[in-house]
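> Those protein sequences? They're chains A and B, same order as listed. Residue numbers for the first sequence follow UniProt numbering, so the first one is 1 and each next one is one higher. Residue numbers for the second sequence follow UniProt numbering, so the first one is 1 and each next one is one higher. Even glycine gets a Cβ: it sits at the ideal position worked out from N, Cα and C. Note that the structure is a prediction, hence the values are computed from the model and not measured.
Number of protein chains: 2
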Amino acid sequence: MLVPQSLLALFLLASVEGCIYRRDEHGVAVSTFSYTGTTGPLGWAHLAPSNGLCSNGTNQSPIAISSSSTPTLSGSALPVVTIPEVSAGEALLENLGSTLEVVVNGTLKLDGVDEEYKMAQFHFHTPSEHRIDEEYFPLEMHMVFKSASGGVAVIGVPFDLSDSGNSTSLLTTVFAPIASVASPGSEAPISAALNFDDILSAVQKGPLYSYSGSLTTPPCTQGVKWMVLGQPLDIDVKTYKAVKGVLKFNSRYTQNAPGEVNLVQYAGDGTATNSSDPTGTGAAFIA
Amino acid sequence: MLVPQSLLALFLLASVEGCIYRRDEHGVAVSTFSYTGTTGPLGWAHLAPSNGLCSNGTNQSPIAISSSSTPTLSGSALPVVTIPEVSAGEALLENLGSTLEVVVNGTLKLDGVDEEYKMAQFHFHTPSEHRIDEEYFPLEMHMVFKSASGGVAVIGVPFDLSDSGNSTSLLTTVFAPIASVASPGSEAPISAALNFDDILSAVQKGPLYSYSGSLTTPPCTQGVKWMVLGQPLDIDVKTYKAVKGVLKFNSRYTQNAPGEVNLVQYAGDGTATNSSDPTGTGAAFIA
């Protein structure tokens, strides 16, 4: 394809400017935690700054959502989310090592909460972190919002492979430059406009499961208002494999139900009991 | 399609006989462990009979395989595997709750081991349990072999979605009756012949990673000779989604490297140190 030189110059300028803007702001901070070995999810409590909540918090995320018992939001209880379209070349796809992230502007208004939340970023996990009626999905998007007083609300959107080969257009756009961000610490401009209409329509349609949980990464801060879309959106094989080839694996293991003992505490406690081990002697005898 | 009555009768007889044969033998024993909450992987040490190895064994599976450091087998060190074709209708797809399993006959001969292993069964995990250079795959098959003296050897075969829509014919055959085994405890005859030629050719081609690990399910018995195919085979979206819709999620979290501390011990030990937490004070200060 022949491109007029003026247009090409404009595109290069936009790309470079986008890059410089973000790099000047803070660059891409590569995460110190991982999903493997002693820096993986079972080692997060040992990472500095100390993240004890990861191993002793009792409202941790992700969880196994139950369509019969996890509360859902509907009608006026649904959040009001606004994410203006981002012009071509203005957003950057960043590889933080632990995830692929994009910083965009947006707002969230929760029913019964006066304070408005501002969108911080959205990022991805593969495979999905939340499960719905036990089932996982190949990809999950987290749209993260923060309030001035420090509140955090996250909308989780699962994606499943489509038999027809359909994909959600936002994913196609966001991941178009993925080959350029294979290495942790790298970033690349997203060269087409980002439009959230399809995602936000799905969120308004629901079901939208709601519970109080945590960040799924260190420091595993609790009090996070989670809203998880119950109906997965489409992703195609090509996009999925490209994302998986870069992210490799970044899904925290499923946590205990909200309010129940942290599974790390449970696993390490040889005297705990449960219905399958009424004598409470499970681990102690073999050790 | 019109089927001659004699053929139809023969088919029904074979199906019913298959069912009765296996049910009379032992039926389908539904697993008492799960992949969620206190009966999930972090609770396995509490299940009876006591499975302390799950939380304190130092050679646990699955692991994150490294193409640069995990040993591979080649040439005469490759295992000699023989799995005779199973005639149509002779094998049963069984839903154990924790996995989908098929019992077939076969033999395995390991280099340098006099004793022959006999195939016990093969079964599936989604997503994959092993990771290769950090990356997971949508499905992993485990072919389990046992020796008369109690040795266990497992060949793990990862499957990835194919851009072209191709699938491995053995999977298509095995999962054809999946709609009939949606409930734990159910089983259904596999109505076409099972041929392992493609799988075994791939295993002979390698790379075949080799390490000493454990069962990935309770009682997490160690000393298991693992051989994991490094090159994933194909699965199509339709088969994958059908399998995931039944299995939901049955993948143990990635264990520490062979010989290293069990991650449950590490997670629960506030005084342990690692390179990211040289003071060893990680969890203790927050608790």
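(1) Should the region 131-147 of chain A be called in touch with the region 224-235 of chain A, which here means at least 3 C-beta pairs below 8 Å?
(2) Go through its chain and collect everything with a Cβ distance to glutamate 85 (chain A)'s Cβ below 6 Å, but skip five positions before and after it.
(3) Counting pairs of Cβ atoms below 8 Å between the region 70-85 of chain B and the region 99-110 of chain B, do you hit three or more?
(4) So which residues on chain A does phenylalanine 175 (chain B) lean against when the C-beta distance must stay under 8 Å?
(5) Report the option in A:Tyr35, A:Gly27, A:Leu93 and A:Ser98 whose CA atom is closest to the CA atom of isoleucine 178 (chain A).
(6) Is the beta carbon of lysine 241 (chain A) sitting closer than 9 Å to the one on aspartate 160 (chain B)?
(7) Nearest-angstrom Cα distance between asparagine 51 (chain B) and serine 76 (chain B)?
(8) Would asparagine 166 (chain A) be called buried (16 or more neighbouring beta carbons within 10 Å of its own) or exposed?
(9) Listing by chain order, which chain B residues have their CB less than 8 Å from the CB of proline 232 (chain A)?
(10) Spell out whether any CB of chain A is found under 9 Å from the CB atom of proline 189 (chain B).
(11) Against chain B, with Cβ distances strictly below 9 Å, would asparagine 256 (chain A) count as a contact?
(12) Does glutamine 222 (chain A) get closer than 9 Å to chain B when you measure Cβ to Cβ?
(13) Among B:Gly213, B:Thr38 and B:Val28, which one has its Cα closest to the Cα of tyrosine 253 (chain A)?
(14) Helix or strand or just coil, what does DSSP make of histidine 142 (chain B)?
(15) Quick check on proline 71 (chain A): buried or exposed, where buried means 16 or more other Cβ atoms within 10 Å of its Cβ?
(16) So which of B:Pro41, B:Ala29, B:Ser31 and B:Val30 has the shortest CA-CA distance to glutamine 255 (chain B)?
(17) For proline 49 (chain B), which of helix, strand or coil comes out of DSSP?
(18) DSSP state of tyrosine 211 (chain A), grouped into three classes?
(19) Going by DSSP, name the residue or residues bridged to tyrosine 117 (chain A).
(20) Give the straight-line distance between the Cα atoms of residue 289 (chain B) and aspartate 114 (chain A), rounded to the nearest whole angstrom.
(21) Does DSSP classify residue 288 (chain B) as helix, strand or coil?
(22) Go ahead and pull the three-state DSSP assignment for valine 264 (chain A).
(23) What is the rounded straight-line gap between the Cα of leucine 96 (chain B) and the Cα of alanine 182 (chain B)?
(24) Which residues in chain A have a C-beta closer than 8 Å to the C-beta of glycine 97 (chain B)? List them in chain order.
(25) Answer with yes or no whether the minimum CB distance from valine 228 (chain B) to chain A is below 9 Å.
(26) Check the Cβ of tyrosine 211 (chain A) against every Cβ in chain B and list those closer than 8 Å, keeping chain order.
(27) At a CB-CB cut-off below 7 Å, which residues of chain B make contact with lysine 118 (chain A)?
(28) Give, in chain order, every residue of the region 103-137 of chain B whose Cβ lies closer than 7 Å to some Cβ of chain A.
(29) Establish whether the CB of glycine 43 (chain B) and some CB of chain A are separated by less than 9 Å.
(30) Quick one: list the residues of chain B neighbouring valine 237 (chain A), beta-carbon separation under 7 Å, in chain order.
(31) For isoleucine 178 (chain B), which three-state DSSP category applies?
(32) Using a Cβ-Cβ cut-off of 8 Å (strictly less than) and excluding sequence neighbours within five positions of tyrosine 21 (chain B), which residues of its own chain qualify?
(33) Given that a residue counts as buried once 16 or more other Cβ atoms are within 10 Å of its Cβ, and exposed if not, what is glutamine 60 (chain A)?
(34) How about glutamate 264 (chain A) and glycine 268 (chain B): do their beta carbons lie closer than 9 Å?
(35) DSSP state of aspartate 269 (chain A), grouped into three classes?
(36) Could you name the residues of chain B that glycine 245 (chain A) contacts, counting a contact when the two beta carbons are closer than 9 Å?
Straight from the coordinates:
(1) With a cut-off of 8 Å, the region 224-235 of chain A and the region 131-147 of chain A count as touching, because enough Cβ pairs lie within range.
(2) Result list for glutamate 85 (chain A): Ala193 and Asn195, in chain order.
(3) Output reads yes: the region 99-110 of chain B touches the region 70-85 of chain B.
(4) Residues of chain A passing the Cβ test: none, with the nearest at roughly 15 Å.
(5) Just measuring C-alpha positions, the residue of A:Tyr35, A:Gly27, A:Leu93 and A:Ser98 sitting nearest isoleucine 178 (chain A) is A:Leu93.
(6) Yes; because the gap between Cβ atoms is below 9 Å, this pair is in contact.
(7) If you draw a straight line from the Cα of asparagine 51 (chain B) to the Cα of serine 76 (chain B), it is about 36 Å long.
(8) Asparagine 166 (chain A) comes out exposed.
(9) Below the 8 Å Cβ cutoff, chain B contributes no neighbours of proline 232 (chain A), its closest Cβ being approximately 11 Å away.
(10) So, not an interface residue.
(11) Closer than 9 Å: yes.
(12) It does not; no Cβ of chain B falls within 9 Å.
(13) The option with the nearest alpha carbon to tyrosine 253 (chain A) is B:Thr38.
(14) Histidine 142 (chain B) falls in the strand class under three-state DSSP.
(15) Proline 71 (chain A) should be labelled exposed.
(16) Answer by Cα proximity: B:Pro41.
(17) Correct three-state label for proline 49 (chain B): coil.
(18) Strand.
(19) DSSP lists A:Leu108 and A:Ser147 as partners of tyrosine 117 (chain A).
(20) This structure leaves residue 289 (chain B) out entirely; chain B is present only between 1 and 287.
(21) Residue coverage of chain B in this structure runs from 1 to 287, which leaves residue 288 (chain B) outside it and unanswerable.
(22) If DSSP states are grouped into helix, strand and coil, valine 264 (chain A) belongs with the helices.
(23) Going by the C-alpha atoms only, they are around 10 Å apart.
(24) Result: empty, since nearest Cβ-Cβ is about 11 Å, beyond 8 Å.
(25) Judged by the 9 Å Cβ criterion, valine 228 (chain B) is not in contact with chain A.
(26) Near tyrosine 211 (chain A) there are no residues of chain B at all, since even the closest Cβ is about 15 Å away, more than 8 Å.
(27) Neighbours of lysine 118 (chain A) on chain B: none; closest Cβ ~28 Å, over 7 Å.
(28) Taking 7 Å as the Cβ-Cβ cut-off against chain A, the residues of the region 103-137 of chain B that qualify are Pro127, Arg131, Glu134, Glu135 and Tyr136.
(29) Yes, glycine 43 (chain B) lies at the interface with chain A (some Cβ there is under 9 Å from its Cβ).
(30) The contacting residues are Leu161, Asp163 and Val237.
(31) Judged by DSSP in its simplified three-state form, isoleucine 178 (chain B) adopts helix.
(32) Because tyrosine 21 (chain B) carries a pLDDT of 34, less than 50, the predicted location of this residue cannot be relied on, and no value is offered for it.
(33) Its Cβ being crowded by 16 or more others within 10 Å, glutamine 60 (chain A) is buried.
(34) Here residue 264 (chain A) turns out to be valine, not glutamate, going by the sequence shown. Taking a C-beta distance under 9 Å as the contact criterion, valine 264 (chain A) and glycine 268 (chain B) qualify as a contact pair.
(35) The answer is coil: DSSP assigns aspartate 269 (chain A) none of H, G, I, E or B.
(36) Within 9 Å Cβ-Cβ: Glu135.
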